[in-house]
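Here is the structure we will look at, set down as structure tokens.
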Amino acid sequence: MIPELDIDPYAPEHLIAPYPMHQQLREAGPVVRLRPYPTLVACARHEQVQAVLGDHTHFISGAGVGLTNFHREPPFRPRSLILEADAPLHTQTRAVLSRIMSPKAVQQIRAGFAAEAEALVDRCLQKGENKGEICGIHDLAQAYPLKVFPDAVGLADGPERENLLLYGDMVFNSMGPRNALFEKSVEKVGPVTAWIMAHCQREHLRPGGFGDQIYQAADAGEISQEQAPMLVRSFLSAGVDTTVNGLGNALFALAQHPEAYAQLHADPTLARPAFEEALRWESTAQTFFRTAAVDTQIAGVPVAADTKVLCLLAAANRDPRKWPEPDRYDILRRPSGHMAFGSGIHGCVGQAVARLEGEVVLAALARRVKRIECTGPHTRRLNNTLRALGSLPLRLIPA
Ligand code: OVV
């Protein structure tokens, strides 16, 4: 009755090239089973992904938003107080984070973020002059978030910030199966986690920054003092590797589509929609899970209580039922309703910060760079959840 496919979405071949696999899942039905993971059901169509994420009473997050069901197996790390929580806890913690990253708060960091983007693109152009090329991932997509986001949170600058990349890789791998990718990324779990947790403490956080504002919310009694470092951990988990790959994927999209880059260069106000379309076209977070709270159904298909539901955000974002010519990267599309930030009450609470980063970097490029050329093959960094590039050799041709 429910189609069963012999597909492992976490096999390296599908992580490298996920789109044919997504099509198979979408076309098999609104809800499918995957033989390698008999305990889950999967949704790859936009309508069902949106329906599951929109129904937080039937499809909960407190049993984890990865493959592991916390009702049966212990979480990889103490659970997130926002990502892996339901009401009433989630309601309280979300209120604090959404105020800290409100549109008004984001407006206040905008000028600083924009100046940093311009300075970084200038440095890339200088580097490009000497050596001929840059690495779009190392020199731009990693360098920018690693500077501006920890600055906004209030962490000291320095090379140890690389721990944020290692930690993000680990957290997002932990949402998939316990495969070789997971094992490889947790090799350094001890020292990296110790560094992260130490930097969640108030004495490491600049007064007034996002991290310190969490402690101010604790001082005001909105959350407890014990919850404060765990919410700072959410910034450090979700705030860097996501935007690194959002930017990396956007650079990749533009480098592969010279006509789209020409449109952006001709009109830098397209930076924001160009970034948005890159999120749809190559969703940074490819998947998230929910867990059925009770016996329920999806598209009329029965789903038993405690079943894990794999939501393929990236497949929903290329569902031809929703998007005309879904595989086309079109910066004029204005893809509202895409699932790259999730949707519903757990939709990305930092999305205004992420969009700001994407917009100001692409706008700085659009104004300073006439053309972007790939100068060699890119490499992928495989991750169980993230669509990530390892390297992207580029030549930036100045305007
Ligand atoms: C959205 C997201 C991803 C990873 C970690 C977290 C959130 C967190 O809250 O720790």
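Numbering-wise, the sequence shown is residues 7 to 405 according to my numbering. Positions of the beta carbon are idealized from the N, C-alpha and C atoms, including for glycine. None of the values given here were measured: they were computed from a predicted structure.
Below 6 Å, is the gap between the Cβ of residue i and the nearest heavy atom of ligand 1?
i, result
"leucine 171", "no"
"alanine 244", "yes"
"valine 177", "yes"
"serine 86", "yes"
"leucine 152", "no"
"leucine 95", "no"
"serine 104", "no"
"serine 240", "yes"
"leucine 89", "yes"
I need the boundaries of the beta strand (DSSP E) containing residue i, first residue and last residue.
i, result
"glutamate 412", "As shown, the chain starts at 7 and ends at 405. That puts residue 412 outside it, with no answer to give."
"valine 315", "314-318"
"arginine 296", "293-298"
"glycine 396", "395-397"
"proline 44", "43-49"
"proline 308", "307-309"
"isoleucine 304", "302-304"
"isoleucine 88", "From DSSP, isoleucine 88 is part of no beta strand (DSSP E); its letter is neither H nor E."
"glutamate 379", "375-380"
Can you tell which of the options has the C-alpha that lies nearest to the C-alpha of residue i?
i, options, result
"leucine 338", "Gly350, Pro279, Asn390, Pro308", "Pro279"
"alanine 186", "Asn389, Leu400, Ser243, Val366", "Asn389"
"proline 26", "Arg105, Pro15, Pro36", "Pro15"
"arginine 327", "Pro18, Arg32, Met7", "Arg32"
"arginine 286", "Lys110, Pro332, Phe155", "Pro332"
"isoleucine 229", "Arg373, His96, Asp12", "His96"
"valine 192", "Ala93, Leu172, Leu400", "Leu172"
"alanine 34", "Pro44, Asp12, Ala23, Glu166", "Asp12"
"glycine 353", "Pro44, Ala23, Leu59", "Leu59"
"asparagine 179", "His205, Phe294, Ala57, Gly217", "Phe294"
"leucine 257", "Lys110, Glu168, Ala394, Ala125", "Ala394"
"glycine 160", "Lys133, Gln233, Gln207", "Gln207"
"valine 71", "Gly348, Arg334, Arg387", "Gly348"
"alanine 277", "Met7, Phe119, Ala346, Leu371", "Leu371"
"alanine 299", "Ala310, Thr290, Ala291, Gln292", "Ala310"
"alanine 200", "Phe119, Arg83, Asp312", "Arg83"
For chain C, check one thing: does any of its Cβ atoms lie closer than 7 Å to the Cβ of residue i?
i, result
"glutamine 29", "Given the protein chain composition of this structure (a single chain), no chain C is represented."
On the criterion of 16 or more Cβ atoms from any shown chain inside 10 Å, does residue i qualify as buried, or is it exposed?
i, result
"threonine 74", "buried"
"arginine 116", "exposed"
"proline 213", "exposed"
"glutamate 122", "buried"
"arginine 340", "exposed"
"proline 235", "buried"
"proline 24", "buried"
"proline 44", "exposed"
"glutamate 288", "buried"
"aspartate 145", "buried"
"alanine 405", "exposed"
"serine 240", "buried"
"glutamate 365", "buried"
"glutamine 148", "buried"
"arginine 334", "exposed"
"glycine 227", "exposed"
"proline 282", "According to the sequence as given, residue 282 is glutamate; it is not proline. With 16 or more other Cβ atoms within 10 Å, it is buried."
"alanine 91", "buried"
Are the beta-carbon atoms of residue i and residue j separated by less than 7 Å?
i, j, result
"valine 367", "leucine 253", "yes"
"alanine 322", "valine 55", "yes"
"isoleucine 220", "leucine 237", "yes"
"alanine 305", "valine 102", "no"
"alanine 69", "histidine 62", "no"
"arginine 51", "glutamate 10", "no"
"threonine 99", "leucine 87", "yes"
"phenylalanine 65", "arginine 361", "no"
"asparagine 169", "leucine 392", "no"
"arginine 373", "proline 274", "yes"
"leucine 319", "methionine 345", "yes"
"isoleucine 22", "arginine 386", "yes"
"leucine 402", "valine 375", "yes"
"aspartate 398", "glycine 174", "Before going further, note that residue 398 is leucine rather than aspartate in the sequence given. No, they are not a contact pair."
"valine 246", "phenylalanine 119", "no"
"valine 47", "alanine 358", "no"
Span of the alpha helix (DSSP H) holding residue i?
i, result
"glycine 60", "52-60"
"alanine 158", "149-159"
"alanine 34", "25-34"
"arginine 387", "From DSSP, arginine 387 is part of no alpha helix (DSSP H); its letter is neither H nor E."
"proline 165", "Where proline 165 is concerned, there is no enclosing alpha helix (DSSP H), given that its DSSP letter is neither H nor E."
"threonine 97", "95-106"
"isoleucine 202", "195-204"
"leucine 211", "Element bounds for leucine 211: n/a, residue is neither H nor E."
"arginine 286", "277-287"
"leucine 257", "247-262"
"leucine 21", "18-22"
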